[in-house]
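To start, the structure under review is shown below, and the notes come after it.
Number of protein chains: 2
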Amino acid sequence: MPNRLPTIRDVARAASVSAATVSRALSFPDKVSEATRLSVLRAVQDTGYAVNQVARSLRRRTTGTIVVFVPNIGNQFFSRILAGIESAASRAGYTVLISDTRPLAGGGMLMDFVRNNRADGLISLDGVLPRQILPAASAGRRTPALVFACEWQDGLGIPSVRFDNEGGAILAVDHLVSLGHARIGHLLGPAGNVLTGARLAGFTTAMARHALPVRDDWILQGDFTLESGVRAAREWLDLADRPSAMFLANDEMAFGFISELHRHGVEVPRDLSVVAFDDIDIAERYIPALTTVRQPRHEIGEAAFTTFLEAFNGEVPEMIRTLPATLIVRESTRAV
Amino acid sequence: MPNRLPTIRDVARAASVSAATVSRALSFPDKVSEATRLSVLRAVQDTGYAVNQVARSLRRRTTGTIVVFVPNIGNQFFSRILAGIESAASRAGYTVLISDTRPLAGGGMLMDFVRNNRADGLISLDGVLPRQILPAASAGRRTPALVFACEWQDGLGIPSVRFDNEGGAILAVDHLVSLGHARIGHLLGPAGNVLTGARLAGFTTAMARHALPVRDDWILQGDFTLESGVRAAREWLDLADRPSAMFLANDEMAFGFISELHRHGVEVPRDLSVVAFDDIDIAERYIPALTTVRQPRHEIGEAAFTTFLEAFNGEVPEMIRTLPATLIVRESTRAV
DNA sequence: ACCCCTGGCGCAATCGATTACATTGATTTC
DNA sequence: GAAATCAATGTAATCGATTGCGCCAGGGGT
């Protein structure tokens with residue numbers, strides 16, 4: 000290796016001070032005199048020095064980095080949340096790194112990150128982390144540096160920031176009812192998912208409030224993917240007795256669902272009203288434009304980071320923070 | 000801090016060997032005897048030890064981590080590429096971290112990563128990195144640990160893996176011509192973007208081959224976003240003399256474009272044929288299903304990682320690797 | 001005038017793992 | 001049977017930055 004990167008010692012030599020002084024000049028400017036500070040700064044310029052974060056992390060036992068685990072980066076829903084996390088993080092001088100959780104399923108890479116001090120903490124947008132790794136997150140520190148956002152897992156004492164999924168579902172059903180619909184079905188998210196449960200709960204609650212029956216054959220199983228929306232549409236087409244409106248647990252399934260119906264001559268909203276959940280970017284530009292439940296994604300990201308920071312600094316964070324959802328009415332629903 | 004994480008010394012004590020032996024037992028199993036290896040392994044189990052990657056990185060001057068810079072995580076186009084990178088990376092024992100480039104625009108965080116040894120290298124899906132940071136990527140090492148994928152920047156001696164954008168555009172135009180279209184327009188990507196240039200070049204080449212005129216008023220400016228597609232549609236609607244087909248530089252703009260046209264009573268493909276570029280997931284489920292140019296996204300991800308690894312190991316990587324594009328014909332195009 | 005205090009700075013230990021070199025006992029070679 | 005070789009392990013230096021401790025000089029208090 001011909002030319003090594005300059006180290007703090009090179010800067011020290013250039014500024015005719017000790018390495019300790021250089022360190023202080025950079026990290027605690029008011030701990031050194033004006034004159035030395037300037038001369039150190041010049042030396043940094045001259046040598047082209049940049050802190051070696053690895054060495055710093057080793058000594059400080061802190062990385063200034065947070066990792067966000069996303070169940071599926073492909074799902075457009077997460078980008079705004081990430082943006083929210085990033086804006087809060089950069090304000091605090093943190094770097095955000097994103098990792099897809101799916102590759103982790105096999106190996107225990109998540110564990111690596113927490114236990115190896117490569118990140119100060121984790122925000123998981125995935126509620127179903129391998130059980131064994133969770134305790135590891137808190138090993139050796141006062142407070143778990145793990146925060147759930149969007150999804151969560153109960154009974155682990157891990158703080159979470161969530162949307163009001165139940166309230167959102169109620170909004171959706173209320174809207175359909177206000178349009179005169181009484182025959183309403185629901186396309187579920189993946190089995191076992193907390194969001195699936197919360198949205199279904201909202202659905203049944205709202206139906207009950209309006210004294211409407213929840214028919215088993217109108218509750219279809221999905222998994223948040225486009226394809227599962229397509230499959231659900233096929234099941235729906237096979238129904239002898241069809242509902243006049245469907246509440247779908249997310250937008251992506253709605254695209255698959257509506258498009259497959261369209262291919263079989265069933266048009267939304269002419270033949271069926273559809274309200275979905277998420278309000279991802281394309282929802283507004285789908286044909287028909289999607290009526291859907293919007294979640295304040297940027298805010299949840301910011302809140303998640305704030306919560307992480309509180310936990311990391313030893314404060315006691317709010318354990319459950321819930322953000323409101325709103326209904327965005329567009330063209331995929333209409334009066335019976 | 001009551002209970003520290005166990006270190007290699009704790010393991011050494013538990014196994015009654017030296018720390019050096021523990022290190023060797025874990026990293027070079029055949030350098031130690033069967034017996035000690037087993038006893039070290041047991042000690043690791045007992046103590047719950049996990050390597051401190053920060054310390055390892057400091058000493059080894061290698062991190063086993065690669066950072067991928069994505070221009071815009073929100074754009075669905077990138078997820079498959081990331082998956083490709085991840086699958087190649089995990090095979091090589093590498094961890095992939097993803098970072099959005101937009102927050103970097105302000106600060107010089109990219110520089111941090113390269114110069115601070117927090118990652119062995121970078122794959123950038125963004126061709127327009129701040130100029131000053133590029134040389135930094137190669138400082139202190141034989142080969143730049145930077146690889147461009149999808150987008151790139153010429154004249155920097157940085158290897159890149161790309162799609163055949165020009166060929167894809169030619170495929171698109173040929174398809175339209177084969178359907179009898181002669182009046183063909185084009186919606187550009189963002190000004191200054193290499194992809195924009197390559198796709199436009201393909202467009203003009205193909206038009207020339209068919210002896211068709213490229214009309215300036217039929218070349219619309221976009222920037223790959225949904226909204227720019229909407230704006231382009233409005234411009235298109237204002238055209239006194241309209242083309243019968245449009246080649247759009249990506250799918251996302253196509254959604255905005257087609258939906259805005261739809262709102263003004265212009266239907267695709269009835270009134271206008273549209274072929275786009277990317278084949279992101281929703282393309283197949285848009286209404287109408289989108290005719291578009293597919294790029295082997297998973298493969299490009301794998302190729303990018305392979306190229307990075309070659310460069311990092313001091314081999315001389317292929318400087319430009321081009322992957323073929325294919326046309327997927329669906330319902331947004333039809334004969335005049 | 002003497003003592004104490006403090007701002008500014010250097011020395012050296014430290015974070016935890018890796019690895020060049022040294023050591024030891026055993027085995028092979030001539 | 002002596003010398004050379006080798007496998008297995010320990011010792012200690014090292015990666016680069018941070019920070020507790022202590023030294024020194026100068027200013028203020030009495």
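Chains A and R, in that order, are what the protein sequence lines are. For the first sequence, the residue numbers in numbering that gives the first Met the number 0 are 0 to 335. For the second sequence, the residue numbers in numbering that gives the first Met the number 0 are 0 to 335. Idealized CB from N, CA, C, for every residue including glycine.
Based on Cα-Cα distance, which residue from A:Val172, A:Glu150, A:Leu194 and A:Ala19 lies nearest to Val273 of chain A?
The residue you call residue 273 of chain A lines up with position 274 of the first sequence. Residue A:Val172 is the option with its Cα nearest to Val273 of chain A.
Determine the extent of the alpha helix (DSSP H) in which His338 of chain A is found, giving its start and end residues.
Residue 338 of chain A is absent from the structure shown; chain A starts at 0 and stops at 335.
Secondary structure at Met318 of chain R, three-state DSSP: helix, strand or coil?
Within the second sequence, numbered from 1, the residue matching residue 318 of chain R stands at position 319. DSSP places Met318 of chain R in coil when its eight states are reduced to three.
Would you mind sorting Leu4 of chain R into buried or exposed? The rule is 16 or more other CB atoms within 10 Å of its CB.
Walking along the second sequence from the start, residue 4 of chain R turns up at place 5. With 16 or more other Cβ atoms within 10 Å, it is buried.
What residues match up with Ala275 of chain A in a beta bridge as DSSP calls it?
Against the first sequence, residue 275 of chain A aligns to sequence position 276. Looking at the DSSP assignment, Ala275 of chain A forms a beta bridge with A:Thr291.
Which residue wins for smallest C-alpha separation from Ala421 of chain R, given the options R:Phe276, R:Pro316, R:Arg182 and R:Glu298?
The requested residue 421 of chain R does not occur in the structure, where chain R is confined to residues 0 to 335.
Can you grab the Cα-Cα spacing for the pair Ile218 of chain A / Trp235 of chain A, in whole Å?
Your numbering for residue 218 of chain A matches position 219 in the first sequence. Your numbering for residue 235 of chain A matches position 236 in the first sequence. One C-alpha to the other measures close to 10 Å.
Does Asp280 of chain R come within less than 8 Å of chain A when only Cβ atoms are used?
Looking up residue 280 of chain R in the second sequence gives position 281. Yes, Asp280 of chain R lies at the interface with chain A (some Cβ there is under 8 Å from its Cβ).
Taking only beta-carbon atoms, is Leu81 of chain A less than 8 Å away from chain R?
As a working mapping, residue 81 of chain A is identified with position 82 in the first sequence. So yes, Leu81 of chain A belongs to the interface.
Using DSSP's beta-bridge definition, name the partner residues of Asp173 of chain R.
Counted from its first residue, the second sequence places residue 173 of chain R at position 174. DSSP output for Asp173 of chain R lists no bridge partner at all.
What residues of chain R sit near Leu96 of chain A, judged by a beta carbon separation below 8 Å?
Here residue 96 of chain A is taken as the residue at index 97 of the first sequence, counted from 1. Those within 8 Å of Leu96 of chain A in chain R are Val66, Leu96, Ile97 and Ser98.
Under the three-state reduction of DSSP, which class applies to Phe27 of chain R: helix, strand or coil?
Residue mapping note: residue 27 of chain R aligns to position 28 of the second sequence, counting from 1. If DSSP states are grouped into helix, strand and coil, Phe27 of chain R belongs with coil.
Taking DSSP as the reference, what is the three-state secondary structure of Val95 of chain R?
On the second sequence, residue 95 of chain R is found 96 positions in, with the first residue counted as 1. Three-state result, Val95 of chain R: strand.
Beta carbon of Phe202 of chain R, beta carbon of Ala232 of chain R: below 8 Å?
The residue labelled residue 202 of chain R in the question sits at position 203 within the second sequence. The residue labelled residue 232 of chain R in the question sits at position 233 within the second sequence. No. Outside cutoff.
Using 10 angstroms around the beta-carbon of Leu199 of chain R, count the other beta-carbons present and answer buried if the total reaches 16, otherwise exposed.
Taking the first residue of the second sequence as 1, we reach residue 199 of chain R at position 200. Per the 10 Å Cβ criterion, buried.
Examine chain A for any beta-carbon lying closer than 8 Å to the beta-carbon of Ile327 of chain R, and answer yes or no.
By 1-based counting over the second sequence, the position of residue 327 of chain R is 328. Cβ-Cβ to chain A under 8 Å: no for Ile327 of chain R.
Taking Cβ-Cβ distances shorter than 9 Å, what residues in chain R pair up with Ala210 of chain A?
Taking the first sequence and counting its residues from 1, the one referred to as residue 210 of chain A is at position 211. What Ala210 of chain A touches in chain R: nothing, since even the nearest Cβ is about 35 Å away.
Examine the Cβ distances between the region 243-250 of chain R and the region 182-195 of chain R and report whether three or more of them are shorter than 8 Å.
With a cut-off of 8 Å, the region 182-195 of chain R and the region 243-250 of chain R count as touching, because enough Cβ pairs lie within range.
Answer yes if the region 280-300 of chain R comes into contact with the region 79-94 of chain R, meaning at least three C-beta pairs across the two stretches below 8 Å, and no otherwise.
Yes: the two stretches touch, three or more of their Cβ pairs being nearer than 8 Å.
Would you say Gln220 of chain A faces chain R, with C-beta separation under 8 Å as the test?
Working through the first sequence from its first residue, we reach residue 220 of chain A at position 221. Judged by the 8 Å Cβ criterion, Gln220 of chain A is not in contact with chain R.
In chain order, what residues of the same chain have a beta carbon less than 7 Å from the beta carbon of Val16 of chain R, not counting five sequence neighbours either side?
As a first step, residue 16 of chain R is located in the second sequence; it is residue number 17 there, counting from the start. Same-chain partners within the cutoff: Thr35 and Val39.
Using a Cβ-Cβ distance under 8 Å, would Gly264 of chain R count as near chain A?
Numbered from its first residue, the second sequence carries residue 264 of chain R at position 265. Not an interface residue.
Express the C-alpha separation of Gly63 of chain A and Ser22 of chain A in angstroms, rounding to a whole number.
Reading the first sequence from its first residue, position 23 is the one you call residue 22 of chain A. Reading the first sequence from its first residue, position 64 is the one you call residue 63 of chain A. Their Cα atoms are separated by approximately 17 Å.
Say whether chain R places a C-beta atom closer than 8 Å to the C-beta of Gly196 of chain A.
Translated into positions along the first sequence, residue 196 of chain A becomes position 197. Gly196 of chain A does not count as touching chain R.
On a CA-only basis, which of A:Ile7, A:Met318 and A:Ser56 is nearest Gln44 of chain A? Give me that one, please.
Along the first sequence, read from residue 1 onward, the residue named residue 44 of chain A stands at position 45. It is A:Ile7.
Determine whether the Cβ of Arg284 of chain R lies closer than 8 Å to any Cβ atom of chain A.
In the second sequence, residue 284 of chain R corresponds to position 285, counting from 1. Output row for Arg284 of chain R: interface = yes.
Leaving out the 5 sequence neighbours to the left and right, which residues in its chain are closer than 6 Å to Gln152 of chain A when beta-carbon positions are compared?
Start at 1 with the first residue of the first sequence, and residue 152 of chain A comes out as number 153. Only Gly126 meet the Cβ criterion.
Phe223 of chain R to Ala18 of chain A, Cα distance in whole Å?
Walking along the second sequence from the start, residue 223 of chain R turns up at place 224. Walking along the first sequence from the start, residue 18 of chain A turns up at place 19. Spanning the two alpha carbons is a distance of roughly 49 Å.
Taking the alpha carbon of Asp270 of chain A as the reference point, which residue from A:Ser331, A:Asp216 and A:Ala288 has its own alpha carbon closest?
Locating residue 270 of chain A in the first sequence gives position 271, counting from the first residue. Measuring from the Cα of Asp270 of chain A, the nearest candidate turns out to be A:Ser331.
Just how far apart, CA to CA, sit Val67 of chain A and Val67 of chain R?
Numbered from 1 along the first sequence, position 68 holds the residue referred to as residue 67 of chain A. Numbered from 1 along the second sequence, position 68 holds the residue referred to as residue 67 of chain R. Cα-Cα distance, rounded: 14 Å.
Which runs of the beta strand (DSSP E) at least 3 residues long sit entirely within the region 147-203 of chain R? Give them in chain order.
The qualifying runs are 159-162 and 183-186.
Report the neighbours of Phe254 of chain R on chain A: residues whose CB is nearer than 8 Å to its CB, in chain order.
Translated into the one-based positions of the second sequence, residue 254 of chain R becomes position 255. Going along chain A in sequence order, the residues near Phe254 of chain R (Cβ under 8 Å) are Ile281, Arg284 and Tyr285.
Examine chain A for any beta-carbon lying closer than 8 Å to the beta-carbon of Ala18 of chain R, and answer yes or no.
By 1-based counting over the second sequence, the position of residue 18 of chain R is 19. No - not a single Cβ of chain A is within 8 Å of the one on Ala18 of chain R.
Residues of chain R with a CB under 8 Å from the CB of Ala54 of chain A: which are they?
Indexing the first sequence from 1 puts residue 54 of chain A at position 55. Per Cβ cutoff of 8 Å: Leu57.
From the DSSP output, read off the bridge partner residues of Leu145 of chain A.
Numbered from its first residue, the first sequence carries residue 145 of chain A at position 146. A:Leu121.
Taking the alpha helix (DSSP H) that Ala88 of chain R falls in, what are its first and last residues?
Position 89 of the second sequence, counting from 1, holds the residue named residue 88 of chain R. Counting along the chain, the alpha helix (DSSP H) containing Ala88 of chain R begins and ends at Phe77 to Arg90.
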